[in-house]
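Below you'll find the structure, written out as structure tokens, and then a few comments.
Residue numbers (the working numbering): 682 to 869.
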């Protein structure tokens, strides 16, 4: 746990420097998500969770799920959101991962769980370092409170936006939206 805390603190404090120094390249988000979901799938089945993956392209193109970014950072974002979904979901529940290319070229990723959700007044604070909400399903898996702060920083590094919303029937959706490659090139 201490090792994870040190790693999270180091990653969080590196973000400002990375924003100024890193260059980007076209990355296929669909491939990253598929790989990470498959890795999680074996572990989740052992823990009585199911994971569903849905990929949709509303306007098929060869570069449909390409964003300008960094493969390892995008992988960290997806892994962190899936880790949170597992921690906050009851046994015998489903975690749904979706990747959709929107008509305007943006790529939207969502991770939805069947956990308790988050009180509305606590949602924004979760993006601040060391912020946490009680986890009623797995009290033995404590986090550092840095995961969503790291996600927010990495998503910003990719000119994206991230938000959380409670599902009406219970559970939480973590959503991320990245501009398409052409939108980012025009902004540069």
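Ideal Cβ positions, reconstructed from N, Cα and C, are used throughout, including at glycine.
Since the model is a prediction, treat every value here as computed from it, not as a measurement.
With a CB to CB cut of under 8 Å and the five nearest residues on each side skipped, what residues in its chain are close to residue i?
{"i": "residue 755", "result": "708, 710, 713, 748, 835, 839"}
{"i": "residue 820", "result": "For residue 820, the predicted model reports a pLDDT of 46, less than 50, meaning its position is unreliable; a value from the coordinates is still stated below. Here the set comprises nothing."}
In or out: residue i buried (at least 16 other Cβ within 10 Å) or exposed?
{"i": "residue 724", "result": "exposed"}
{"i": "residue 853", "result": "buried"}
{"i": "residue 841", "result": "buried"}
{"i": "residue 766", "result": "buried"}
{"i": "residue 753", "result": "exposed"}
What does DSSP give as the partner residue(s) for residue i in the beta ladder?
{"i": "residue 707", "result": "749"}
{"i": "residue 789", "result": "781, 858"}
{"i": "residue 842", "result": "858"}
{"i": "residue 835", "result": "For residue 835, which the question treats as bridged, DSSP gives no partner whatsoever."}
I'd like the list of long-range same chain contacts for residue i, defined as Cβ closer than 6 Å, with 5 residues on each side in sequence excluded.
{"i": "residue 859", "result": "748, 788, 839, 841"}
Against chain C, does residue i count as a neighbour if the rule is that its beta carbon must be under 7 Å from one of theirs?
{"i": "residue 778", "result": "Included in the structure is just one protein chain, with no chain C present."}
Pull up the CB-CB distance for residue i and residue j, whole angstroms please, since I reckon it's below 8 Å.
{"i": "residue 851", "j": "residue 786", "result": "About 33 Å; that fails the 8 Å criterion."}
{"i": "residue 792", "j": "residue 763", "result": "6 Å"}
Can you give me the Cβ contacts of residue i inside the same chain, cut-off strictly under 7 Å, excluding the 5 residues immediately before and after it?
{"i": "residue 844", "result": "856"}
{"i": "residue 736", "result": "711, 780"}
Beta strand (DSSP E) segments (min. 3 residues) lying fully within the segment 710-775: 730-738, 747-750
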